[in-house]
Amino acid sequence: MSTPFLVKDIFLGFSSSPGGLTVVGNTLFFWANDGVNGVELWKSDGTAAGTVLVKDIEPGSSGSNPSYMVPHIFKNCYN
């Protein structure tokens with residue numbers, strides 16, 4: 000078993016409050032708050048360079064709160 004480690008500090012000095020961790024293929028999708036775009040959808044390939052905001056769906060600091068849509072998106076991918 001490997002030891003967990005920080006891949007990328009998304010919101011420097013604060014918690015990015017990641018959630019909705021879902022793996023599709025070799026990519027981890029999750030929502031997080033970077034302090035600029037609010038809570039949005041992110042993805043990671045396990046590297047700092049590959050951990051990126053997928054899209055700023057709701058421009059501005061309020062975010063799109065993808066926690067409501069992510070479970071439905073991935074459920075449809077597997078059905």
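Mind the numbering: the sequence shown is residues 0 to 78 in the numbering used here, read in order.
All residues carry an ideal CB built from backbone N, CA and C; glycine is no exception.
| task | May I ask which residues mark the beginning and end of the beta strand (DSSP E) holding Leu52? | result | Note, Leu52: beta strand (DSSP E), 51 to 54.
| For Thr46, which option in Met0, Lys7, Pro3, Gly37 has the closest C-alpha, if you only look at C-alpha atoms? | With distances taken between Cα atoms, Thr46 lies closest to Lys7.
| Unbroken stretches of the beta strand (DSSP E), 3 residues or longer, contained in the stretch 24 to 51 | Qualifying beta strand (DSSP E) stretches, in chain order: 26 to 32, 38 to 43.
| Do you know how far the Cα of Phe29 is from the Cα of Leu79? | Examination of residue 79 is not possible in this model, given that the chain is present from 0 through 78 alone.
| message | Among Val51, Ile9, Gly18, whose alpha-carbon lies nearest the alpha-carbon of Gly34? | response | Per the Cα distances, Ile9.
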